[in-house]
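**Q**
See the structure below:
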């Protein structure tokens, strides 16, 4: 083999491997950042859940609003609750 053929036989696959690995690194790093943001949101919700005071409630009225304009499979319902306050 000539020197230039050997040169391309080594460098072209090496360049392809580097480009593909950079693509996947960027893809996974973006997903990891999104995962970190979701974990932070879940931690905040968990804090709210721990300080929440749970009360008894009953449904007063239900009124269906029909279907969504953007997604006909989704139906909306308005609920009214009565929350029992036992704190005195």
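In the numbering used here, the protein residues as written are 10 to 97. Idealized CB from N, CA, C, for every residue including glycine.
1. Checking the sheet assignment: what are the DSSP bridge partners for residue 90?
2. Mapping the DSSP letters down to three states, classify residue 73 as helix, strand or coil.
3. Rounded C-beta distance between residue 83 and residue 72? I'm assuming under 8 Å.
4. Relative to the C-alpha of residue 64, which residue among 95, 44, 26 and 24 is closest?
5. If you draw a straight line from the alpha carbon of residue 43 to that of residue 15, how long is it in whole angstroms?
6. If we ignore side chains and look at the alpha-carbon of each, how far apart do residue 75 and residue 29 end up?
**A** Let's see:
1. Within the chain shown, residue 90 is the residue found at index 81, counting from 1. DSSP lists 68 as partners of residue 90.
2. For this step, residue 73 is matched to residue 64 along the chain shown. Strand at residue 73.
3. By one-based count along the chain shown, residue 83 stands at place 74. By one-based count along the chain shown, residue 72 stands at place 63. The Cβ separation is near 16 Å, so there is no contact.
4. As a working mapping, residue 64 is identified with position 55 in the chain shown. When each option's Cα is compared against that of residue 64, the closest is 95.
5. As a working note, residue 43 is residue 34 in the chain shown. As a working note, residue 15 is residue 6 in the chain shown. About 43 Å.
6. Position 66 of the chain shown holds residue 75. Position 20 of the chain shown holds residue 29. Between residue 75 and residue 29, the C-alpha separation is close to 49 Å.
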